[in-house]
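Step one of this worksheet: look at the structure below.
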Amino acid sequence: MAFVIFLIPCFVVGTDVAFSCQNAEDFVGASSPGDIIIGGLFAVHSEMLHPEEDPIKPVIQNCAGFEIQVFLQTLAMIHAIETINNSTLLSGVTLGYEIYDTCAEVTKAMASALRFLSKFNSSEDAVEFKCNYSDYIPRVKAVTGASYSEVSMAVSRLLALQLIPQEVILTSNATTGTVVSSASSAEILSDKIRFPSFFRTIPSDFHQTRAMTRLICESGWNWIGVIATDDDNGRFALESFGIQAMANNVCIAFKEMLPAYLSDSTFHTKVDQAIEKIVKEKRVNVIVVFMRQFHVLKLFKKAIEKNVNKIWIASDNWSTAVKISTIPNIRQLGTVVGFGFKNGDISSFQEFLRNLHKKPIENNKFLGEYIMLLSVCAHLEYHDFQTCIANQSQDNLLENDGSKPQIWKDDFLNANVEPGFIHSTMLAVYAIAHAIKGLCKDRDCKDPSAFTPWELLEELKKVVIIDGDKEVKFDSNGDMSTSYDVLLWKEIDGHMEITTMAEYDAEKGGFIFEDEEKKKDFLALKKFQSTCSQPCSPGQVKKVTESPHTCCYECIYCPENHYSNKTDMDYCYRCNNKTYWAPINSSTCYRKTIYFLAWTDWFAIFLLLLSAFGVVLVLSICVIFTKNLDTPVVKASGGLTVCYIILFSHFLIFLSTVFFIDIPTEFKCKTRQALFGISFTLCISCILIKSLKILLAFSFDPKLQNFLKCMYKPIPTVVTCTGIQVIICTFWLIFRTPFVNQNFSIPRAIILECNEGSIVAFGIMLGYIAALAFICFIFAFKGRKLPENYNEAKFITFGMLIYFIAWIVFIPVYATTFGKYLPAVEIIVVLISNYGILCCTFLPKCYIIIYKQETNTKSAFLKMVYTYSSKSAGSVAVSQASLDSKSSSFRATVTDSGKTENDSVNGNCHFQVPGQSLIKGKVLPKHAARTMVRKRVSSI
9 MAFVIFLIPC
19 FVVGTDVAFS
29 CQNAEDFVGA
39 SSPGDIIIGG
49 LFAVHSEMLH
59 PEEDPIKPVI
69 QNCAGFEIQV
79 FLQTLAMIHA
89 IETINNSTLL
99 SGVTLGYEIY
109 DTCAEVTKAM
119 ASALRFLSKF
129 NSSEDAVEFK
139 CNYSDYIPRV
149 KAVTGASYSE
159 VSMAVSRLLA
169 LQLIPQEVIL
179 TSNATTGTVV
189 SSASSAEILS
199 DKIRFPSFFR
209 TIPSDFHQTR
219 AMTRLICESG
229 WNWIGVIATD
239 DDNGRFALES
249 FGIQAMANNV
259 CIAFKEMLPA
269 YLSDSTFHTK
279 VDQAIEKIVK
289 EKRVNVIVVF
299 MRQFHVLKLF
309 KKAIEKNVNK
319 IWIASDNWST
329 AVKISTIPNI
339 RQLGTVVGFG
349 FKNGDISSFQ
359 EFLRNLHKKP
369 IENNKFLGEY
379 IMLLSVCAHL
389 EYHDFQTCIA
399 NQSQDNLLEN
409 DGSKPQIWKD
419 DFLNANVEPG
429 FIHSTMLAVY
439 AIAHAIKGLC
449 KDRDCKDPSA
459 FTPWELLEEL
469 KKVVIIDGDK
479 EVKFDSNGDM
489 STSYDVLLWK
499 EIDGHMEITT
509 MAEYDAEKGG
519 FIFEDEEKKK
529 DFLALKKFQS
539 TCSQPCSPGQ
549 VKKVTESPHT
559 CCYECIYCPE
569 NHYSNKTDMD
579 YCYRCNNKTY
589 WAPINSSTCY
599 RKTIYFLAWT
609 DWFAIFLLLL
619 SAFGVVLVLS
629 ICVIFTKNLD
639 TPVVKASGGL
649 TVCYIILFSH
659 FLIFLSTVFF
669 IDIPTEFKCK
679 TRQALFGISF
689 TLCISCILIK
699 SLKILLAFSF
709 DPKLQNFLKC
719 MYKPIPTVVT
729 CTGIQVIICT
739 FWLIFRTPFV
749 NQNFSIPRAI
759 ILECNEGSIV
769 AFGIMLGYIA
779 ALAFICFIFA
789 FKGRKLPENY
799 NEAKFITFGM
809 LIYFIAWIVF
819 IPVYATTFGK
829 YLPAVEIIVV
839 LISNYGILCC
849 TFLPKCYIII
859 YKQETNTKSA
869 FLKMVYTYSS
879 KSAGSVAVSQ
889 ASLDSKSSSF
899 RATVTDSGKT
909 ENDSVNGNCH
919 FQVPGQSLIK
929 GKVLPKHAAR
939 TMVRKRVSSI
């Protein structure tokens, strides 16, 4: 109690401020002698007071706002140095330290750096100007610290003059040393041209901003706000984050910059503006904060007042700040996700804190000030106690605290430990110690001039430290390849706890989870929405609106034959139009349906039944004609051989329709037209011979009869006519053969069809058949008025007419039809023409054979032909006045007639037409005419 009473007057004198600086030694916050001195720069106070006098004089001002977390970092540095001195690492060489308070102010930090640069053992702490500092021995060999990047940049530039190593969290940047920092994460500090002596035991902001962006992307957010302090650290972090966000299609809805110093008159106004912006942007539910702890503290208190509930992404500056996590009603702010430096084993430091009350305070003003604050604020609850220390508002507290005993709160310090910063600070000290060990192998390092800072700098680049179970070292940029812990502030038992949710691997750029429970916490972040526009579902595509941000867009449907299979796609993929299709608003392409005239198609079945019926009809006719071989009707049809050939050609024509159905193949495409063309040509050729025979048998015109005699050569004619068609088809199949073709004219279907190869060849084939049919039609038309029982020419004429009508209709229909029923069009025409010719040629004769057997006798035929011949012979004009009436001619004619008659009786299909020479003589007597008719009828 006496100790507390003694401290109170001292504390009252310095109310709200740190102790005044009267001389250079007062400027030092904590110190310890040693063979090699390491400097330390820490912002133990949050601000430097501004002078009230006018004019302003160049006097180092006092500071305010005691920072527990930074104070703990100074203790971590002291603990690390004491641990090294008590170990065999440096074997007889002791490390000393000089730690200064920067008050988070560049000016104060520069003043400390000037003392670091002063010449060793100089009584006046003078900094000598030299053109070459290679042999210059400064006060310190290395510097650790400068917690904020803005301060580190300024200090590092000054220390680079003498290449003093600076490690962040343990800074080694002085004219005489290296700066090793454990808290300055600005990406620009990796530039070894501008900051050649800067090292840090934490990752650069590049990795932090990339980790933040990765978190934002994996959580499905793209519309966020950013708040940063208006200093180098905030600006560089914001720039780095902006680049990462842009590369990952994350849009920054707004950027708010708060003044770097709380003493700035516009600070509170800027905080209010930032809160108003957050409240106004209702679609922004994620806020990234790059600020110092005391800035965040002010911002959050205001946000709690305004009932702001968002997701806050914390930078490493404040992600583990206990004084922020213990703000009353902090849970109302929403969810805090942060990135902190990877933790290490700090159990020895925690033990150090538990024994801290045993440490002397003579050479540690920071510890002395903490004890004073502890005495005054000890009676307060946890958060009020913390606020009391941070604000150093002791006036009212002292009035009510005189009777309270001193209580040492070592649990308070342990509760405020930020493991990442502590571990990085100790790592920085160990890095410097290992570098010193490397230099002192063959030197007497008890002599301060044994090595210079720039030599330590080179050795530091090669240092490899065993941290736990892995090796760590500085890369070419002076950065240590450590990872980040992803932190989640969770309310546990009514208290906000800072828990580790995942680890971010800076090298691989991914998150690592210890267990499924933590992974669930990470995935649970996706339930929060922070997007400018609703996500476009598969089948839709983003259309940028007038907004300058690419994250603000409309969702429109993908057009036909296009698709999108992911959310928020910038463009639609095009389907392969030949084989795939897609409707409007489709998330995938569908394979086009392949169509062809299948066996199972009802229309194909119908056509096949017609073809089958035709085959049955052909076979039935063949049976009927075979059984009635010797009847006049069969003989008058040309005999069984000709009938069989015609019926066989009809059979092949019906068979050819099968090749038009089912999946087209090369064989089918080549076979179907050739088979049809040759078969039809054979049929027409045989019918043409019959037409010639009929016309020859009943023609009484001498000139026509002579012509017909020359033309009537059955076998050569049939072979020649059919052979020409064979040649046409052969050339067609060789030079422009039909092939299987995929028709893509229907949007959602592929029509498998036979491409004829050459329309010209196809037309020549059909044209040739049409020419033969036309000749046949002419000849049959000439003999259309034959006797009723022998009127085959009339039916041939009808059959040819049906053929012409069918194929004339076929041409335009075939040219304008497409799809799987295109082959059916040709099948229909083939069946119509084939049925027409078959029925007209054979059905009348079958009708006579079956139903009019009385007319199918020789006598009935002779009577009918006799009557027809008598009428025809009596009407022949014999106007020639001088007809040759030689009996020899008459005899010759009679002889020929007799031969013909014999041939006819034998059933020969070759008909020799008799009696024409009779007309050349003079008019026969009546009985002679009757004799000629009998012989003519006998030949027929």
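Just so it is clear: in the sequence shown, position 464 is 472 by the working numbering, and no numbers are missing. Positions of the beta carbon are idealized from the N, C-alpha and C atoms, including for glycine.
* Asked: Helix or strand or just coil, what does DSSP make of P299?
  -> The sequence as given places Met at residue 299; Pro does not occur at that position. Here M299 sits in coil by DSSP.
* To do: Give the DSSP-derived three-state secondary structure of T865 in the structure shown.
  => coil
* Asked: Would you say L125 and V135 are within 7 Å of each other, going by their C-beta atoms?
  -> yes
* To do: Over the uninterrupted alpha helix (DSSP H) stretch that includes W326, give me the two end residues.
  => No alpha helix (DSSP H) holds W326; DSSP gives it neither H nor E.
* N- and C-terminal bounds of the beta strand (DSSP E) containing A757 -> 757-763
* **Same chain, Cβ closer than 7 Å to I629, neighbours up to 5 away in sequence not counted** => L655, F850, C854
* Asked: Taking Cβ positions, are F684 and S699 nearer each other than 7 Å?
  -> no
* Reducing DSSP to helix, strand and coil, say where T334 ends up. => coil
* Taking the alpha carbon of E226 as the point to measure from, which residue in L531, T587, K676, Y652 has its own alpha carbon closest? -> L531
* Asked: Rounded to a whole number of angstroms, what is the C-alpha to C-alpha distance between A4 and E479?
  -> For the chain, the structure presents residues 9 to 948; residue 4 sits outside this window and is missing.
* Presumed contact (8 Å Cβ cut-off) between V624 and F659, rounded CB distance -> With a Cβ gap of about 10 Å, V624 and F659 do not count as contacting.
* **Own chain, CB closer than 7 Å to I283, minus 5 neighbours either side, in chain order** => K310, A311, K314, V316
* Give the DSSP-derived three-state secondary structure of N371 in the structure shown. => coil
* Asked: Start and end of the alpha helix (DSSP H) containing D529?
  -> 524-531
* Per DSSP, the bridge partner or partners of N751 -> I759
* For I735, does the count of other Cβ atoms within 10 angstroms reach 16, so buried, or fall short, so exposed? -> exposed
* According to the Cβ coordinates, are N351 and P427 closer than 7 Å? -> yes
* Can you tell which of G547, K116, N714, G807 has its C-alpha closest to the C-alpha of M56? -> K116
* For D240, name the three-state secondary structure that DSSP assigns. => helix
* Are the beta-carbon atoms of F347 and S327 separated by less than 7 Å? -> yes
* **Closest Cα partner of F611 within the set I732, L830, F360** => L830
* **Residue of D213, A112, G502 minimising C-alpha distance to P336** => G502
* What's the call for A219, buried or exposed, on a 16-neighbour Cβ count within 10 Å? -> buried
* **Pairwise C-alpha distance: A779 and N864** => 34 Å
* Where L617 falls, given that 16 or more other Cβ within 10 Å makes a residue buried -> exposed
* Between the stretch 514-522 and the stretch 236-246, do at least 3 Cβ pairs fall closer than 8 Å? -> no
* Asked: Excluding five sequence neighbours on each side, which residues of the same chain lie with their C-beta closer than 6 Å to the C-beta of T601?
  -> A757
* To do: Just list the beta strand (DSSP E) runs in the stretch 79-154, keeping only unbroken ones of 3 residues or longer that don't cross its boundaries, in chain order.
  => 103-109, 150-153
* Asked: Shortest alpha-carbon distance to C385 belongs to which of W497, I397, L375, C580?
  -> I397
* Asked: Can you tell me whether T237 is buried or exposed, with buried defined as 16 or more other CB within 10 angstroms of its CB?
  -> buried
* Asked: Quick one: Cα of Y598 to Cα of L223, how far?
  -> 36 Å
* Compare the beta carbon distance of G547 and N593 with 7 Å and say whether it is the shorter of the two. => yes
* In chain order, each alpha helix (DSSP H) run of at least 4 residues that lies wholly inside the stretch 196-276 -> 213-226, 240-255
* To do: Leaving aside the five residues before and after P722 along the sequence, list all residues of the same chain whose C-beta is less than 6 Å from its C-beta, in chain order.
  => I697
* To do: With a threshold of 6 Å, establish whether the CB of N763 neighbours any heavy atom of the ligand FMN.
  => This structure simply doesn't include the ligand FMN, nor any ligand for that matter.
* Please work out which residues of its chain come closer than 7 Å, Cβ to Cβ, to F128, disregarding the five sequence neighbours upstream and downstream, and give them in chain order. => I145, P146, R147, P456
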